[in-house]
DNA sequence: TCTCATGTATGAGAATTATTCATTTATAAA
DNA sequence: TTTATAAATGAATAATTCTCATACATGAGA
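Chains as they are written, first to last, in our numbering: chain A, 17 to 317; chain B, 17 to 317.
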């Protein structure tokens with residue numbers, strides 16, 4: 017069976033013109049190469065070269081093998097290089113899972129500096145999970161889970177990345193415009209716009225409406241943050257979202273932000289990862305960037 | 017440095033799901049594989065897999081290497097196959113050189129059965145040589161030389177392949193039509209058509225005209241046999257060529273064949289090859305086919 | 001929670017393979 | 001011829017790979 021060494025020897029013979037020269041560049045003796053190749057010739061029952069005077073003339077089989085050597089050996093060399101990159105932690109990929117709809121825009125602010133800082137590392141973002149984000153993390157479908165709702169589990173670590181306040185966004189043409197805070201009952205005649213996830217995962221329901229046993233007049237769901245805010249601006253409904261996110265649009269759209277209840281709903285974004293990967297350089301880099309990203313977000317109008 | 021064995025082990029792990037299974041299919045022990053891979057991991061300072069319970073979970077570097085294994089190993093297997101074909105003499109190529117213009121049509125009759133008999137062997141025909149056919153044979157530009165004029169040389173063997181008679185071809189409208197033989201002097205008022213090679217290599221000159229110190233009225237050269245014979249048929253000149261070749265056209269063109277001199281000019285086609293390749297199966301196959309091809313040629317009108 | 005079964009890691013010694021050294025053979029050049 | 005250069009080869013040695021025995025880790029089942 018052909019081995020890498022056979023290809024290497026053949027390539028060096030072609031480069032140097034003789035076995036002796038090849039032996040020099042491979043740091044072996046002429047004898048070693050001769051033995052190695054003769055053994056192959058015996059095993060395969062072929063001649064790779066004929067002696068033409070004191071030179072070597074490749075046979076057809078030999079020329080064929082040389083071609084293959086020139087094709088395959090560079091590939092091995094590339095593999096060695098790439099492996100070195102893995103060793104230096106310059107190479108890799110990070111699967112990021114998102115269980116937090118509005119966080120997408122924030123994620124972009126983290127991904128950008130990450131990619132700049134780690135040129136060899138690719139980031140892949142997943143937003144849909146058959147069995148939920150935790151399962152995806154567990155099954156190695158993703159390496160990081162971004163969520164506002166961490167679940168306490170032995171083998172998964174969650175780190176809070178930044179705090180935010182959930183606020184109500186209304187149109188400046190709404191009768192609610194100008195309010196500084198709001199009660200659940202005041203939403204009873206409003207159309208509530210949310211992302212299309214189960215109510216159980218919407219804090220506006222869990223922490224605000226349901227405890228007060230209130231419901232909005234209508235509940236509509238929309239995929240895109242931009243569209244939700246366009247709808248709000250057009251006074252077609254109200255929406256609850258992170259304050260920092262609403263603030264990003266506050267200058268360009270006629271919207272007004274209102275605190276939910278007396279003291280507001282305060283949450284954290286968490287990043288979760290498998291405990292055993294605590295030392296993974298890419299994961300820690302990501303988390304560091306994520307934490308510092310909070311400072312870059314708009315704080316007030 | 018990555019070796020083939022590392023790729024093989026990784027591929028078998030992926031196939032069998034465990035080191036132990038891989039060891040089985042590679043006819044080695046689990047211990048051997050573990051040692052081999054650990055050594056690579058130490059050399060490269062990478063982890064290729066992590067133990068996940070009692071299973072193996074490839075790291076990114078490991079997955080990368082597995083991809084490469086699935087890509088490269090089949091190529092090695094193809095090389096092994098091809099080498100086996102070379103060993104079985106099923107694979108190769110034969111460079112055939114031609115120093116005999118009219119032989120081209122005969123060559124086709126040999127090449128066809130050869131290609132059918134040796135499906136893995138390619139034939140390449142060359143007709144122009146910078147330093148002559150012998151030099152080409154010597155320099156391994158070709159493996160076989162087909163010529164009517166063998167040169168006695170130590171390292172080249174020539175074998176006669178079939179005998180032929182050189183005849184004069186004239187138009188049925190020529191005043192020479194009907195003659196059964198001809199003298200050199202009778203060509204003095206004729207236009208002689210030949211292939212464009214030096215007169216020294218034209219037997220009609222060397223063996224017929226020059227010994228009698230005669231010359232044709234005019235000497236014109238043409239590349240193609242078909243055109244020469246069309247010209248002859250139109251009574252625009254006469255030509256000397258192998259009798260068997262002229263006979264191939266005798267039914268379709270108004271031509272007449274005349275013996276040169278009393279007893280005719282008798283020649284042989286020779287096939288030459290390098291002495292050291294006496295045992296080359298393809299060369300011997302070719303020569304056998306060449307010899308038997310003589311029988312298939314037209315003998316008389 | 002304690003076996004039992006299964007799978008990987010590892011050290012030491014055995015087995016195998018690769019490499020070198022010393023020669024031989026062949027050939028081109030001086 | 002002689003000399004120099006290059007490949008092939010046999011025997012001895014060096015290096016490596018592989019196996020054996022065993023430790024370690026984990027999941028399943030009593």
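Ideal Cβ positions, reconstructed from N, Cα and C, are used throughout, including at glycine. For clarity, every value in this text was computed on a predicted model and none was experimentally measured.
{"query": "C-beta atoms of residue 141/A and residue 272/A nearer than 8 Å", "result": "no"}
{"query": "The stretch 262-281 of chain B in contact with the stretch 175-184 of chain B per 3-pair CB rule at 8 Å", "result": "yes"}
{"query": "Start and end residues, beta strand (DSSP E) containing residue 159/B", "result": "From DSSP, residue 159/B is part of no beta strand (DSSP E); its letter is neither H nor E."}
{"query": "Cutoff 8 Å: residue 109/B Cβ touching any chain A Cβ", "result": "yes"}
{"query": "Interface flag, residue 121/A vs chain B, CB-CB below 8 Å", "result": "no"}
{"query": "Residue 108/B versus residue 294/B - alpha carbon distance", "result": "16 Å"}
{"query": "Closest by C-alpha distance to residue 253/A, when choosing among 38/A, 162/A, 82/A and 188/A", "result": "188/A"}
{"query": "Residue from 199/B, 244/B and 114/B whose Cα sits closest to the Cα of residue 227/B", "result": "199/B"}
{"query": "Cβ-Cβ distance between residue 288/A and residue 123/A below 8 Å", "result": "no"}
{"query": "Euclidean distance between Cα positions of residue 94/B and residue 134/B", "result": "20 Å"}
{"query": "Bridge partner(s) assigned by DSSP for residue 237/A", "result": "210/A"}
{"query": "Below-8 Å beta-carbon distance, residue 113/A vs any chain B residue", "result": "no"}
{"query": "Expected contact under 8 Å - CB spacing of residue 276/A and residue 224/A to nearest Å", "result": "5 Å"}
{"query": "8 Å Cβ cutoff, residue 91/A in contact with chain B", "result": "yes"}
{"query": "Residue 304/B versus 29/B, 125/B and 48/B, residue with shortest Cα-Cα distance", "result": "125/B"}
{"query": "Complete runs of the alpha helix (DSSP H) confined to the stretch 57-123 of chain B [at least 4 residues]", "result": "76-103"}
{"query": "Cα-Cα separation between residue 37/A and residue 246/B, rounded to whole angstroms", "result": "60 Å"}
{"query": "Beta-carbon neighbours of residue 6/A, restricted to chain B and to distances below 7 Å", "result": "Beyond the ends of chain A as shown, which are 17 and 317, falls residue 6/A; an answer cannot be given."}
{"query": "8 Å contact criterion, which residue 368/B and residue 291/B should meet: CB distance rounded", "result": "A question about residue 368/B goes unanswered here, because the residues of chain B that appear run from 17 up to 317."}
{"query": "Cβ shell of residue 248/B (< 7 Å), same chain only, five flanking positions each side left out", "result": "185, 186, 187, 209, 254, 255 and 271"}
{"query": "Of the residues 297/B, 299/B, 201/B and 239/B, the one placed nearest residue 117/B, counting alpha carbons only", "result": "239/B"}
{"query": "Under 7 Å from the C-beta of residue 84/A: neighbouring residues of chain B", "result": "95"}
{"query": "Residues in the stretch 69-81 of chain B having any Cβ partner in chain A nearer than 9 Å", "result": "73, 75, 76, 77, 80 and 81"}
{"query": "Cut-off 8 Å between Cβ atoms - residues of its own chain near residue 24/B, not counting five sequence neighbours on either side", "result": "42, 85 and 89"}
{"query": "Residue 49/A vs residue 35/A beta-carbon contact at 8 Å", "result": "yes"}
{"query": "Partner residues on chain B for residue 62/A, Cβ-Cβ distance less than 7 Å", "result": "99, 102 and 103"}
{"query": "Whole-angstrom distance between residue 39/B and residue 32/B, CA atom to CA atom", "result": "9 Å"}
{"query": "Residue from 82/A, 22/A, 217/A and 211/A with nearest C-alpha to residue 120/A", "result": "211/A"}
{"query": "C-beta atoms of residue 65/A and residue 52/A nearer than 8 Å", "result": "no"}
{"query": "DSSP state of residue 317/A mapped onto helix, strand, coil", "result": "Because the pLDDT at residue 317/A is just 42, under 50, the model does not fix this residue reliably, and the point stays unresolved."}
{"query": "Partner residues on chain B for residue 88/A, Cβ-Cβ distance less than 9 Å", "result": "88, 91, 92 and 95"}
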